[in-house]
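Enquirer: Got a structure here, written out as structure tokens. Questions coming.
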Amino acid sequence: MPHPLILAILAGLASDTGFAPLNLWPVTLAAFALLLHLIRRAPDMKRALLIGWLFGVAHFSLGLNWIAHAFSYQDAMPHWFGYGAVILLSLYLAVWPAMAAGLAWRWGRGHRTAYVLIFAAAWIVTEWLRATMFTGFAWNPLGVALVPIGSLPDLARYIGTYGLSGFAVLGSGMLWLFVRREWKPALVIGVPLVILCLLPKSFSTTTDADGPRIRVVQPNIGQQDKHNEAFDGVNYNKLASLTGRPGPEPRLIFWPEAAIPDFLEEDPFARERLASLLGPRDMLLTGGLALIGDREGNVIGARNSLFALTPDARLIARYDKAHLVPYGEYLPMRSILVPLGFSRLVPGDTDFWPGPGPVSLDLPGFGRVGGQICYEIIFSGHVADAKNRPDFIFNPSNDAWFGSWGPPQHLAQARLRAIEEGLPVIRSTPTGISAVVDAEGRVLKSLPHQTAGFIDARLPAPHAPTLFARFGNILPFMLAMILVGLAVALRRRAR
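The numbers in UniProt numbering rise by one with no breaks, and the one at position 425 of the sequence shown is 425.
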């Protein structure tokens, strides 16, 4: 048999195939079962930590390959920096699986079922920490791999995505116990999970036939053309033609993140040009940029914003992105990194400034929208204004620099936000995947990657606030505490 450390690396690589676009979730569950076996057989804490860390390095290095693709659009840095960035990021992110492995090895010894429960609880907590510490990186928690499995992702409305990750670990624990012929504990863990997997996806029959009419625009503007001034006219014409002519019904029109280069608040001509595309009762939601100036009128920063524009060329609402992408929208430690040759991944030297957080915008005739720009949609429990709940979430994004793996992974995470909050999610991106997702996480309509087009649909209706919408990430922590309590009870009973 190969060395345990080599097996840990292979298991880490295999574990990532369960996420989009491959969606080989049985392989992911089997890989985590192997990880449980390797940690259990570790002779000491140091080896258990190393196994978890190597697993994590391999897992994240494969799953985040799209980050390397982003560097191909920045001429200020060599493209090979992208692969180094993926490895460096993975070396850090792997700390969290290592921590889960160490906790399970330390506190799960002596009872196999208790060991599985402790590892599931530790995985829930460490995934939350990964999404929170040092600005947080919440991309692809394990629960996202369960999105294609029957009604299982519906559990996210009760326990959130991190709780769903815990259930995935329990499923892997069931496999591990079956292989070891520990029939009784395997059945205790496995039977409820199998029943949940076999249930139909949804019992809802709502059609949302009475919702407002919407149009989602996907112009298929590549990243190489987006920031090229020579293509500004061509890009605008693509957006305008796909917006179409006004009809007898009011339309809410969705354009992608930073769809236009104009500063709408400072440029009345740009506003009037956009308003000319609208019917008398239409409204446009578009991504754009807002400038920040000092008292002398000098530009000192910018915001990545979402604007609501009316047919009379008025901007009636604005949302500013709160969770910015390090190295993409701002450069941490700028004074140190710039002399070393580092720069942001997108053109420009001005850093973006964060907004205050989730805010609902009132759109007369169309309800309330919660803006979540691009990367923000991946942060479970932080996408909706709890005090002024929106009727739907709009996720304008620019996935053009995400390669071929990033866009379907981004969509899968947006679907989980819809399930967690009980809110529809509308996505508009330059190159895909744009989609209309209902409040149960179902993709009603979508446009393929790297395809120009539009989606005409009715705005899906929101559900009543889910348990997760009310209590947030307290719920997966409660699940983790229950699992720990069961593990303690099992160990005491075995004595």
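In this text, a Cβ means the ideal position worked out from N, Cα and C, and glycines have one as well. As the structure is a prediction and not an experimental result, all values here were calculated from the model.
Are the CB atoms of S61 and S15 within a distance shorter than 7 Å?
Expert: Position 15 of the sequence shown holds residue 15. Position 61 of the sequence shown holds residue 61. Cβ atoms of S15 and S61: not closer than 7 Å.
Enquirer: Which ranges does the beta strand (DSSP E) cover as unbroken runs of at least 3 residues, wholly within the stretch 343-404, from first to last along the chain?
Expert: 360-363, 367-371, 392-396
Enquirer: Over the uninterrupted alpha helix (DSSP H) stretch that includes A412, give me the two end residues.
Expert: Taking the first residue of the sequence shown as position 1, residue 412 is located at position 412. A412 -> alpha helix (DSSP H) spans 406-421.
Enquirer: If you run the structure through DSSP and keep just helix, strand and coil, what is K321?
Expert: If you number the sequence shown from 1, residue 321 lands on position 321. Coil at K321, not helix or strand.
Enquirer: Would you report the Cα separation of V57 and G441, rounded to the nearest angstrom?
Expert: Taking the first residue of the sequence shown as 1, we reach residue 57 at position 57. Taking the first residue of the sequence shown as 1, we reach residue 441 at position 441. Those two C-alpha atoms are separated by around 30 Å.
Enquirer: Relative to the C-alpha of L129, which candidate in F468, A494, Q223, P476 has its C-alpha closest?
Expert: Indexing the sequence shown from 1 puts residue 129 at position 129. Measuring from the Cα of L129, the nearest candidate turns out to be P476.
Enquirer: As a quick exercise: from L35, L486, G328, T126, pick the residue whose alpha carbon is nearest that of I9.
Expert: On the sequence shown, residue 9 is found 9 positions in, with the first residue counted as 1. Of the candidates L35, L486, G328, T126, the one whose C-alpha sits nearest the C-alpha of I9 is L35.
Enquirer: Which residues bound the beta strand (DSSP E) around A308?
Expert: Counting from one through the sequence shown, the residue named residue 308 turns up at place 308. 299-309 is the extent of the beta strand (DSSP E) around A308.
Enquirer: Would you tell me roughly how many angstroms separate the C-alpha atoms of D399 and L187, rounded to the nearest one?
Expert: Mapped onto the sequence shown, residue 399 falls at position 399. Mapped onto the sequence shown, residue 187 falls at position 187. Using only the alpha carbons, I get a separation of about 42 Å.
Enquirer: Let me check understanding here. Comparing Cα to Cα, which of I67, L164, N23, A302 lies closest to residue 503?
Expert: The requested residue 503 does not occur in the structure, where the chain is confined to residues 1 to 495.
Enquirer: Which same chain residues, not among the five before or five after S202, have their C-beta less than 6 Å away from its C-beta?
Expert: Mapped onto the sequence shown, residue 202 falls at position 202. Because the pLDDT at S202 is just 49, under 50, the model does not fix this residue reliably, and the point stays unresolved.
Enquirer: I need the boundaries of the beta strand (DSSP E) containing M283, first residue and last residue.
Expert: By 1-based counting over the sequence shown, the position of residue 283 is 283. Where M283 is concerned, the enclosing beta strand (DSSP E) stretches over 283-293.
Enquirer: Count Cβ pairs between the stretch 324-333 and the stretch 383-400 that sit closer than 8 Å; are there 3 or more?
Expert: no
Enquirer: Smallest Cα separation from V488: which of E249, I221, R106?
Expert: Residue 488 sits at position 488 when you count from the first residue of the sequence shown. Of the listed residues, the one whose Cα sits closest to V488 is R106.
Enquirer: Need the endpoints of the beta strand (DSSP E) that I214 sits in, please.
Expert: Locating residue 214 in the sequence shown gives position 214, where the first residue counts as 1. Segment 213-218, the beta strand (DSSP E) holding I214.
Enquirer: May I ask you to verify whether the stretch 377-384 touches the stretch 261-275, counting CB pairs closer than 8 Å and requiring at least 3?
Expert: no
Enquirer: Can you tell me the Cα-Cα spacing of A386 and F468, whole angstroms?
Expert: For the purposes of this step, residue 386 is identified with residue 386 of the sequence shown, where counting begins at 1. For the purposes of this step, residue 468 is identified with residue 468 of the sequence shown, where counting begins at 1. Those two C-alpha atoms are separated by around 11 Å.
Enquirer: Give the secondary structure of F454 by DSSP, where H, G and I count as helix, E and B as strand, and everything else as coil.
Expert: As a working mapping, residue 454 is identified with position 454 in the sequence shown. In this structure, F454 counts as strand in the three-state DSSP scheme.
Enquirer: Sorted by chain position, which residues of the same chain lie with C-beta nearer than 6 Å to N235's C-beta, five sequence neighbours on each side aside?
Expert: Taking the first residue of the sequence shown as 1, we reach residue 235 at position 235. Only I221 meet the Cβ criterion.
Enquirer: Within a Cβ cutoff of 6 Å, which residues of the same chain sit near P4, ignoring the five residues on either side of it in sequence?
Expert: Residue 4 sits at position 4 when you count from the first residue of the sequence shown. These residues qualify, in order along the chain: L38.
Enquirer: Please classify K445 as buried or exposed, where buried requires at least 16 neighbouring CB atoms within 10 angstroms.
Expert: The sequence position of residue 445 within the sequence shown is 445, counting from 1. Label assigned to K445: exposed.
Enquirer: In whole angstroms, give me the CA-to-CA distance for residue 496 and R318.
Expert: Past the boundaries of the shown model lies residue 496; the chain is included only from 1 to 495, so the question cannot be answered.
Enquirer: CA-CA distance, A308 and G371?
Expert: As a first step, residue 308 is located in the sequence shown; it is residue number 308 there, counting from the start. As a first step, residue 371 is located in the sequence shown; it is residue number 371 there, counting from the start. In this structure, the straight-line span from the alpha carbon of A308 to that of G371 is close to 11 Å.
Enquirer: For H59, I'd like the list of residues in its chain whose CB is within less than 6 Å of its CB, leaving aside the five on either flank, ordered along the chain.
Expert: Along the sequence shown, one-based indexing puts residue 59 at 59. In its chain, beyond the 5 residues on either side, G12, S15, D16 have a beta carbon closer than 6 Å to the beta carbon of H59.
Enquirer: So, with DSSP's three-state summary, where would you put F55?
Expert: The residue labelled residue 55 in the question sits at position 55 within the sequence shown. In the structure shown, F55 sits in a helix (DSSP, three-state: H, G or I).
Enquirer: Taking all protein chains shown into account, decide if M481 is buried (16 or more other Cβ within 10 angstroms of its Cβ) or exposed.
Expert: Position 481 of the sequence shown, counted from the first residue, corresponds to residue 481. By the 10 Å Cβ count, M481 comes out exposed.
Enquirer: Just checking, does the stretch 400-419 make contact with the stretch 235-252 on the three C-beta pairs under 8 Å criterion?
Expert: Segments in contact, no.
Enquirer: Less than 7 Å separating the beta-carbons of G52 and A68?
Expert: Taking the sequence shown and counting its residues from 1, the one referred to as residue 52 is at position 52. Taking the sequence shown and counting its residues from 1, the one referred to as residue 68 is at position 68. Not closer than 7 Å, so no.
Enquirer: Hey, how far is the Cα of L274 from the Cα of A313?
Expert: Counting from 1 along the sequence shown, the entry for residue 274 is found at position 274. Counting from 1 along the sequence shown, the entry for residue 313 is found at position 313. Roughly 7 Å between the two C-alpha positions.
Enquirer: In this structure, how does DSSP classify P326 when only helix, strand and coil are distinguished?
Expert: Within the sequence shown, residue 326 is the residue found at index 326, counting from 1. Strand.
Enquirer: Taking C-beta to C-beta, are L252 and P212 nearer than 7 Å?
Expert: Taking the sequence shown and counting its residues from 1, one reaches residue 252 at position 252. Taking the sequence shown and counting its residues from 1, one reaches residue 212 at position 212. Contact: yes.
Enquirer: Between the alpha carbons of P407 and I6, how many angstroms are there, rounded?
Expert: Counting from 1 along the sequence shown, the entry for residue 407 is found at position 407. Counting from 1 along the sequence shown, the entry for residue 6 is found at position 6. About 30 Å.
Enquirer: Reducing DSSP to helix, strand and coil, say where V147 ends up.
Expert: Against the sequence shown, residue 147 aligns to sequence position 147. In this structure, V147 counts as coil in the three-state DSSP scheme.
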